[in-house]
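K.L.:
The numbering used here applies: residue 1 is where the sequence shown begins, and numbers increase by one. Following this message is one structure expressed as structure tokens.
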Amino acid sequence: MANHNQGGAADAPRPLSEATALIRGGLNRTAFDETAEAIFMTSGYVYASAADAEAAFAGETDRFIYSRYGNPTVAMFEERLRLIEGAESCKATASGMAAVFASLASFLSAGDRVVASQALFGSCSVILTEILPRLGIETVLVDGCKLDEWEAALSVQTNAVFLESPSNPGLQIVDLAAVSEIAHSAGAIVIVDNVFATPVLQKPMDHGADVVVYSATKHIDGQGRALGGAVLSSTQFRDDHLMPFLRHTGPSLSPFNAWTLLKGMETLRLRVDASCETAAMLAEQLQGHDKLTSALYPGHRAHPQYELAMAQMEKGGTVLAITIDGDKADTFTFLDSLRLFDISNNLGDSKSLATHPATTTHRRLGPEGRAKVGIGESMVRLSIGLEDGNELLADVMAALDHI
Ligand SMILES: Cc1ncc(COP(=O)(O)O)c(C=O)c1O
Numbered sequence: 001m002a003n004h005n006q007g008g009a010a011d012a013p014r015p016l017s018e019a020t021a022l023i024r025g026g027l028n029r030t031a032f033d034e035t036a037e038a039i040f041m042t043s044g045y046v047y048a049s050a051a052d053a054e055a056a057f058a059g060e061t062d063r064f065i066y067s068r069y070g071n072p073t074v075a076m077f078e079e080r081l082r083l084i085e086g087a088e089s090c091k092a093t094a095s096g097m098a099a100v101f102a103s104l105a106s107f108l109s110a111g112d113r114v115v116a117s118q119a120l121f122g123s124c125s126v127i128l129t130e131i132l133p134r135l136g137i138e139t140v141l142v143d144g145c146k147l148d149e150w151e152a153a154l155s156v157q158t159n160a161v162f163l164e165s166p167s168n169p170g171l172q173i174v175d176l177a178a179v180s181e182i183a184h185s186a187g188a189i190v191i192v193d194n195v196f197a198t199p200v201l202q203k204p205m206d207h208g209a210d211v212v213v214y215s216a217t218k219h220i221d222g223q224g225r226a227l228g229g230a231v232l233s234s235t236q237f238r239d240d241h242l243m244p245f246l247r248h249t250g251p252s253l254s255p256f257n258a259w260t261l262l263k264g265m266e267t268l269r270l271r272v273d274a275s276c277e278t279a280a281m282l283a284e285q286l287q288g289h290d291k292l293t294s295a296l297y298p299g300h301r302a303h304p305q306y307e308l309a310m311a312q313m314e315k316g317g318t319v320l321a322i323t324i325d326g327d328k329a330d331t332f333t334f335l336d337s338l339r340l341f342d343i344s345n346n347l348g349d350s351k352s353l354a355t356h357p358a359t360t361t362h363r364r365l366g367p368e369g370r371a372k373v374g375i376g377e378s379m380v381r382l383s384i385g386l387e388d389g390n391e392l393l394a395d396v397m398a399a400l401d402h403i
């Protein structure tokens, strides 16, 4: 395969700007000189000789061996995201949850200890509070907004810290720099699930994080088409932990999905900026609405951690968390009255989506678990897409009127 990396810009001495890297980062054209990235739907590769196969398996040659370990289309996606994140390495996975699990299970052993923020996506909570403990790994949960809780939990030797910021769905902000510093003095590797912030709005590694994970299913695809995930880290973490784990457990990304995600990356900045603008407008318009007790948005001054959010994130993101002044029935009336927003458990889509976390994404936590992270029966998560902002606002207002 001809190596026309970055569409002929490979010789450029300067690093690519974000705008260019989103379009051309990782581009590796074949001898056919195609414009769009090629989809290599192949599970395996062939060798010119038995000796070549032996050399490949001995690690003496750098080449694709089997698509469970690596694939040219997947490698293009990994390189594009790596450039945007500014990380040494990126490994793609079949889903966001595969990325979360690999980031932890690739290096933790029985007897190890993890400290995590308790405000997490439901499946991340299940990994931390059910799956890891079953493997003999202790997990301690803290209120991620309280540095004294992090300090107390990290006063003993710890192997990993795991957190989301902003959190799903309560939009809590964790002080990435402060927590990373405390975690490092306890010997822990800091893993940040950066899904809500997106790769373009927040760079956790600039604030001290060691590993960043994504559900690429969300904003990176951003059009509701493909599942995918990624783990970004140092090359040492990749080589010592991640690669052996991924290679032998096999949560590999399909080449077709990698291609879809490459196309998603091309418009990521444009889509995220447009959704942020509408989300900020909705947040402003919904403040003080008499059918709501709150309208939380990290980019709005009414958010209790607005200053911290804006110090870490370029913009407030694409998600709002609103709380209906009423009970579950009122909240369902609101959801069922929406005409443009779809009811869905997904987020980060070009279509605006409304979620009732208590009965869907965070159902498994149970009432007590949800109460600890502020997910009540009247909370609705609004993922803002790319429709006309005024029509979205009118939809929310009309649905609130139905209560
Ligand atoms: C914060 C966060 N992390 C991880 C995931 C899991 O991603 P996936 O559905 O791609 O496995 C999600 C999905 O909603 C999420 O919101």
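Virtual Cβ for every residue (Gly too), placed ideally from N, Cα, C.
(1) Note down, in chain order, each residue of its chain lying with its Cβ closer than 7 Å to the Cβ of G264, except the 5 sequence neighbours on either side.
(2) Quick check: what's the CA-CA separation for G86 versus R14?
(3) Roughly how many angstroms lie between the CA atoms of V192 and A110, to the nearest whole one?
(4) To the nearest angstrom, how far is it from the Cα of T260 to the Cα of T198?
(5) Helix, strand or coil, according to DSSP, for S383 in the structure here?
(6) Can you tell me which of the three DSSP states Y214 falls into?
(7) Do you know how far the Cα of A19 is from the Cα of G7?
(8) Please report the residue range of the beta strand (DSSP E) in which E138 lies.
(9) Please state the DSSP three-state secondary structure of S117.
(10) Grouping DSSP H, G and I as helix and E and B as strand, with all else coil, what is E18?
(11) Using a Cβ distance threshold of 8 Å, determine whether the stretch 247 to 259 contacts the stretch 276 to 287, with at least three qualifying pairs required.
(12) Determine the contact status of R370 and A358, defining contact as a CB-CB distance below 8 Å.
(13) Would you report the Cα separation of T129 and S215, rounded to the nearest angstrom?
(14) Do S233 and S43 come within 8 Å of each other at the CB atom, strictly closer than that value?
(15) Taking the CB atoms as reference points, tell me whether A321 and L292 lie closer together than 8 Å.
(16) Is any non-hydrogen atom of ligand 1 found closer than 7 Å to the C-beta of V373, if you look at the structure I gave you?
(17) Under the assumption that L335 contacts H356 (Cβ atoms under 8 Å), give the Cβ distance between them as a whole number of angstroms.
(18) Does the separation of the CB atoms of L108 and A160 fall below 8 Å?
(19) Which residues does DSSP pair with M323 in a beta bridge?
(20) By alpha-carbon positions, which one of M397, T61, L386, D401 ends up nearest to T318?
(21) Let me know the secondary structure DSSP gives L261 once reduced to three states.
(22) What is the C-beta distance between I173 and Q305, in whole angstroms, given that I count them as a contact (C-beta under 8 Å)?
(23) How would you label E34, buried or exposed, when you count the other beta carbons within 10 angstroms and need 16 or more for buried?
(24) Work out the CA separation of D395 and I137 for me, nearest whole Å.
(25) Please name the residue, chosen from D330, H289, R113, that lies closest to M397 on a Cα-to-Cα basis.
(26) Give the C-beta separation of V405 and V190 to the nearest angstrom, bearing in mind that I take them to be a contact with Cβ-Cβ under 8 Å.
(27) Would you kindly work out how many angstroms separate the C-alpha atoms of G316 and S49, rounded to a whole number?
P.N.:
Reading it off the structure:
(1) The sequence position of residue 264 within the sequence shown is 264, counting from 1. Around G264: I220, D221, G222, Q223.
(2) Position 86 of the sequence shown, counted from the first residue, corresponds to residue 86. Position 14 of the sequence shown, counted from the first residue, corresponds to residue 14. Each residue's alpha carbon lies about 14 Å from the other.
(3) Position 192 of the sequence shown, counting from 1, holds the residue named residue 192. Position 110 of the sequence shown, counting from 1, holds the residue named residue 110. Going from the Cα of V192 to the Cα of A110 covers about 22 Å.
(4) Working through the sequence shown from its first residue, we reach residue 260 at position 260. Working through the sequence shown from its first residue, we reach residue 198 at position 198. A direct Cα-Cα distance of roughly 17 Å separates T260 from T198.
(5) Counted from its first residue, the sequence shown places residue 383 at position 383. Strand.
(6) Stepping through the sequence shown from its first residue, residue 214 is reached at position 214. Here Y214 carries a strand assignment [DSSP, helix/strand/coil].
(7) In the sequence shown, residue 7 corresponds to position 7, counting from 1. In the sequence shown, residue 19 corresponds to position 19, counting from 1. At G7 the pLDDT is 44, less than 50, meaning the model places this residue with poor confidence and gives no usable figure here.
(8) For the purposes of this step, residue 138 is taken as the residue at position 138 of the sequence shown. Note, E138: beta strand (DSSP E), 138 to 142.
(9) Here residue 117 is taken as the residue at index 117 of the sequence shown, counted from 1. The DSSP-derived three-state label of S117 is strand.
(10) In the sequence shown, residue 18 corresponds to position 18, counting from 1. E18 falls in the helix class under three-state DSSP.
(11) no
(12) Walking along the sequence shown from the start, residue 370 turns up at place 370. Walking along the sequence shown from the start, residue 358 turns up at place 358. In this structure, A358 lies closer than 8 Å to R370 by Cβ.
(13) Along the sequence shown, one-based indexing puts residue 129 at 129. Along the sequence shown, one-based indexing puts residue 215 at 215. Rounded to the nearest angstrom, the gap between the Cα atoms of T129 and S215 is 20 Å.
(14) The residue you call residue 43 lines up with position 43 of the sequence shown. The residue you call residue 233 lines up with position 233 of the sequence shown. Cβ distance not < 8 Å, so S43 and S233 don't count as in contact.
(15) As a first step, residue 321 is located in the sequence shown; it is residue number 321 there, counting from the start. As a first step, residue 292 is located in the sequence shown; it is residue number 292 there, counting from the start. Going by C-beta atoms, A321 is not nearer than 8 Å to L292.
(16) On the sequence shown, residue 373 is found 373 positions in, with the first residue counted as 1. Checking the Cβ of V373 against ligand 1 gives no.
(17) As a first step, residue 335 is located in the sequence shown; it is residue number 335 there, counting from the start. As a first step, residue 356 is located in the sequence shown; it is residue number 356 there, counting from the start. That belief holds up - the Cβ atoms of L335 and H356 are roughly 6 Å apart, short of 8 Å.
(18) Position 108 of the sequence shown holds residue 108. Position 160 of the sequence shown holds residue 160. In this structure, A160 lies closer than 8 Å to L108 by Cβ.
(19) Your numbering for residue 323 matches position 323 in the sequence shown. The displayed chain sequence assigns Thr, not Met, to residue 323. In DSSP, T323 forms a bridge with S294, M379.
(20) What you label residue 318 is simply residue 318 of the sequence shown in a count that begins at 1. Here the closest residue by C-alpha is L386.
(21) Here residue 261 refers to the residue found at position 261 when the sequence shown is read from its first residue. In the structure shown, L261 sits in a helix (DSSP, three-state: H, G or I).
(22) Residue numbering aside, residue 173 sits at position 173 when the sequence shown is read from its first letter. Residue numbering aside, residue 305 sits at position 305 when the sequence shown is read from its first letter. With a Cβ gap of about 4 Å, I173 and Q305 count as contacting.
(23) Sequence index remark: in the sequence shown, residue 34 carries index 34 (1-based). Exposed: under 16 other Cβ atoms inside 10 Å.
(24) Numbered from its first residue, the sequence shown carries residue 137 at position 137. Numbered from its first residue, the sequence shown carries residue 395 at position 395. When rounded, the distance between both Cα atoms is 46 Å.
(25) Residue mapping note: residue 397 aligns to position 397 of the sequence shown, counting from 1. Looking at the Cα atoms, H289 is the closest of the given residues.
(26) Because residue 405 is not part of the residues shown, which for the chain are 1 to 403, the question remains open.
(27) Locating residue 316 in the sequence shown gives position 316, where the first residue counts as 1. Locating residue 49 in the sequence shown gives position 49, where the first residue counts as 1. Each residue's alpha carbon lies about 55 Å from the other.
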